[in-house]
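Trainee: In the numbering used here, the protein residues as written are 1 to 299. A virtual CB, placed ideally from N, CA and C, is assigned to each residue, including glycine. Values in this document were obtained by computation on a predicted structure and should not be read as measured data.
(1) So, for residue 291: in the same chain, excluding its five sequence neighbours on each side, which residues have a beta-carbon less than 6 Å away from its beta-carbon?
(2) Taking all protein chains shown into account, do 16 or more other C-beta atoms lie within 10 angstroms of the C-beta of residue 14, making it buried, or fewer, making it exposed?
(3) Beta strand (DSSP E) containing residue 18: first to last residue?
(4) Return no unless some Cβ of chain B is closer than 8 Å to the Cβ of residue 58.
(5) Just to check my reading of the structure: residue 66 and residue 130 have Cβ atoms closer than 8 Å, yes? What is that Cβ distance to the nearest angstrom?
(6) Is it the case that the Cβ atoms of residue 113 and residue 5 are separated by a distance below 8 Å?
(7) Along the chain, where does the alpha helix (DSSP H) containing residue 277 start, and where does it finish?
(8) Since I believe residue 30 is in contact with residue 48 (beta carbons under 8 Å), could you give me their beta-carbon distance rounded to a whole number of angstroms?
(9) Under the three-state reduction of DSSP, which class applies to residue 76: helix, strand or coil?
(10) Of the residues 22, 74 and 34, which one's Cα is nearest the Cα of residue 51?
(11) Where does the unbroken alpha helix (DSSP H) through residue 171 begin, and where does it stop?
(12) Can you tell me where the alpha helix (DSSP H) with residue 5 in it begins and where it stops?
(13) Secondary structure at residue 167, three-state DSSP: helix, strand or coil?
(14) Given a cut-off of 8 Å, decide if residue 102 and residue 34 are closer than it, judged by their beta-carbon atoms.
(15) What span of residues does the beta strand (DSSP E) with residue 37 cover, start to end?
(16) The alpha helix (DSSP H) spanning residue 182 covers which residue range?
(17) State whether the region 151-170 contacts the region 131-139, with contact taken as three or more CB pairs (one from each stretch) at a distance under 8 Å.
(18) Could you tell me the distance, in whole angstroms, from the CA atom of residue 248 to the CA atom of residue 145?
(19) Looking at C-alpha atoms only, which residue of 277, 170 and 74 is the closest neighbour of residue 147?
(20) What residues in its chain sit with their C-beta under 7 Å from that of residue 179, if we drop five residues either side in the sequence?
(21) Between which two residues does the beta strand (DSSP E) carrying residue 57 extend?
(22) Any contact of the region 212-229 with the region 264-271, i.e. 3+ C-beta pairs under 8 Å?
(23) Consult DSSP for residue 266 and reduce its assignment to one of helix, strand or coil.
(24) Quick check on this structure: which residue in 63, 84, 175 and 115 has the alpha carbon closest to the alpha carbon of residue 166?
(25) Measure from the alpha carbon of residue 90 to the alpha carbon of each residue in 162, 82 and 12, then state which is nearest.
(26) Which partner residues does residue 82 have in the DSSP bridge list?
(27) So what does DSSP say about residue 90, is it helix, strand or coil?
(28) By how many angstroms is the C-alpha of residue 43 removed from the C-alpha of residue 96?
(29) Residue 36: buried (16+ other C-beta within 10 angstroms of its C-beta) or exposed?
(30) Whole angstroms are fine: how far does the CA of residue 76 sit from the CA of residue 7?
(31) Assign residue 155 to one of three DSSP states: helix, strand, or coil.
(32) Is residue 229 helix, strand or coil by DSSP?
Now the structure itself:
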């Protein structure tokens with residue numbers, strides 16, 4: 001319900017979207033983290049569920065260190081439209097201050113989200129620009145007289161964990177506009193950024209002309225977790241590499257590296273992988289694979 005959200009805001013004064021409950025997904029969907037310079041700087045963590053955005057105010061922001069447990073105060077549901085909101089809420093209004101989209105992507109729950117919410121422990125996976133891998137939201141037992149619904153946001157100890165790193169300091173800008181929170185407050189326009197498409201210097205041939213079209217994203221098949229491995233002659237087995245599942249798209253002179261949810265991560269891997277792919281003898285291709293780092297001891 002958005003009743004509490006609407007009751008706290010005067011939409012004649014704030015540019016925040018009024019929004020409404022939509023027919024949304026019940027098993028994951030989009031996630032967004034908005035950096036919010038209100039009375040106190042914090043990060044609003046939102047997960048799409050059943051037509052609204054479940055929301056938590058993370059006072060110190062998310063951490064990639066599994067040993068860091070960040071307080072996350074459960075607040076009112078927000079409309080789906082809020083996921084794209086970036087701007088300044090006027091002083092004197094609820095939540096007055098500048099807001100930017102610090103990260104966005106998709107989230108996948110490990111179980112039924114409503115049941116996990118009720119039990120007070122939500123296990124999920126993120127696929128964003130800055131955050132990925134498995135995470136936990138764990139509800140704290142309320143203290144006597146406690147009115148706030150306090151949770152902890154915790155990073156799982158997996159391949160995406162980065163103990164000791166400060167992602168908030170290393171990546172302070174908006175993934176939507178490229179602005180800092182100070183620039184949003186000053187009303188600056190979004191910085192024009194080139195599309196994240198790697199361009200080969202090889203000449204275009206055949207049907208692949210300069211500025212070739214983008215290929216359609218094909219959602220990859222994912223493995224299903226089972227207790228026992230299948231047996232028999234009809235099955236082949238392979239090593240499960242714990243890396244980055246990527247879809248490489250080659251369209252003429254253009255190469256893109258997309259995550260399993262379609263996010264463009266071409267620039268995250270530099271130009272070396274894209275350059276190797278651009279050297280393949282093909283005009284158009286879609287290649288499904290895993291990017292891993294191999295060492296003498298294994299992956």
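Mentor: Result, derived from the coordinates:
(1) Here residue 291 refers to the residue found at position 291 when the chain shown is read from its first residue. 243, 244 and 246, listed in sequence order.
(2) Position 14 of the chain shown, counting from 1, holds the residue named residue 14. Flag for residue 14 reads buried.
(3) Stepping through the chain shown from its first residue, residue 18 is reached at position 18. Residue 18 -> no beta strand (DSSP E), and no H or E assigned at all.
(4) Here there is only one protein chain, and chain B is not present.
(5) Indexing the chain shown from 1 puts residue 66 at position 66. Indexing the chain shown from 1 puts residue 130 at position 130. Between residue 130 and residue 66 the Cβ distance is about 16 Å, and since that is not below 8 Å, they are no contact.
(6) For the purposes of this step, residue 113 is taken as the residue at position 113 of the chain shown. For the purposes of this step, residue 5 is taken as the residue at position 5 of the chain shown. It is not a contact, given that the beta carbons lie outside the stated cut-off.
(7) Numbered from 1 along the chain shown, position 277 holds the residue referred to as residue 277. It spans 272-278 - the alpha helix (DSSP H) in which residue 277 sits, taken as one unbroken run.
(8) Taking the chain shown and counting its residues from 1, one reaches residue 48 at position 48. Taking the chain shown and counting its residues from 1, one reaches residue 30 at position 30. Sure, about 5 Å apart at Cβ, within 8 Å.
(9) Position 76 of the chain shown, counting from 1, holds the residue named residue 76. Three-state DSSP puts residue 76 in a strand.
(10) In the chain shown, counting from the first residue as 1, residue 51 sits at position 51. Selected option, being the one with the closest Cα: 22.
(11) Within the chain shown, the letter at position 171 stands for residue 171. Counting along the chain, residue 171 falls outside any alpha helix (DSSP H), and DSSP gives it neither H nor E.
(12) Sequence index remark: in the chain shown, residue 5 carries index 5 (1-based). Per DSSP, residue 5 belongs to the alpha helix (DSSP H) from 3-7.
(13) Translated into the one-based positions of the chain shown, residue 167 becomes position 167. DSSP places residue 167 in helix when its eight states are reduced to three.
(14) In the chain shown, residue 34 corresponds to position 34, counting from 1. In the chain shown, residue 102 corresponds to position 102, counting from 1. Contact: yes.
(15) Sequence index remark: in the chain shown, residue 37 carries index 37 (1-based). It spans 29-37 - the beta strand (DSSP E) in which residue 37 sits, taken as one unbroken run.
(16) Within the chain shown, residue 182 is the residue found at index 182, counting from 1. It spans 181-185 - the alpha helix (DSSP H) in which residue 182 sits, taken as one unbroken run.
(17) yes
(18) Taking the chain shown and counting its residues from 1, the one referred to as residue 248 is at position 248. Taking the chain shown and counting its residues from 1, the one referred to as residue 145 is at position 145. Distance between the alpha carbons of residue 248 and residue 145: 54 Å.
(19) Counting from 1 along the chain shown, the entry for residue 147 is found at position 147. Of the candidates 277, 170 and 74, the one whose C-alpha sits nearest the C-alpha of residue 147 is 74.
(20) Stepping through the chain shown from its first residue, residue 179 is reached at position 179. Closer than 7 Å at the Cβ level, and outside the excluded window around residue 179, lie 100, 173, 188, 190 and 191.
(21) In the chain shown, counting from the first residue as 1, residue 57 sits at position 57. Element bounds for residue 57: 52-58.
(22) The region 264-271 and the region 212-229 do not touch, with fewer than three beta-carbon pairs separated by less than 8 Å.
(23) The residue given as residue 266 occupies position 266 in the chain shown. Helix, per DSSP.
(24) By 1-based counting over the chain shown, the position of residue 166 is 166. Taking only the C-alpha atoms, the option nearest residue 166 is 63.
(25) In the chain shown, the residue the question calls residue 90 occupies position 90. Measuring from the Cα of residue 90, the nearest candidate turns out to be 12.
(26) Walking along the chain shown from the start, residue 82 turns up at place 82. DSSP, once it has assigned bridges, lists no residue as partnering residue 82.
(27) Translated into the one-based positions of the chain shown, residue 90 becomes position 90. It is coil, neither helix nor strand.
(28) What you label residue 96 is simply residue 96 of the chain shown in a count that begins at 1. What you label residue 43 is simply residue 43 of the chain shown in a count that begins at 1. When rounded, the distance between both Cα atoms is 14 Å.
(29) As a working mapping, residue 36 is identified with position 36 in the chain shown. With 16 or more other Cβ atoms within 10 Å, it is buried.
(30) Within the chain shown, residue 7 is the residue found at index 7, counting from 1. Within the chain shown, residue 76 is the residue found at index 76, counting from 1. Straight-line measurement puts the Cα of residue 76 at about 11 Å from the Cα of residue 7.
(31) Start at 1 with the first residue of the chain shown, and residue 155 comes out as number 155. Residue state, collapsed to three classes: strand.
(32) Residue 229 sits at position 229 when you count from the first residue of the chain shown. Reduced to three states, the DSSP call for residue 229 is coil.
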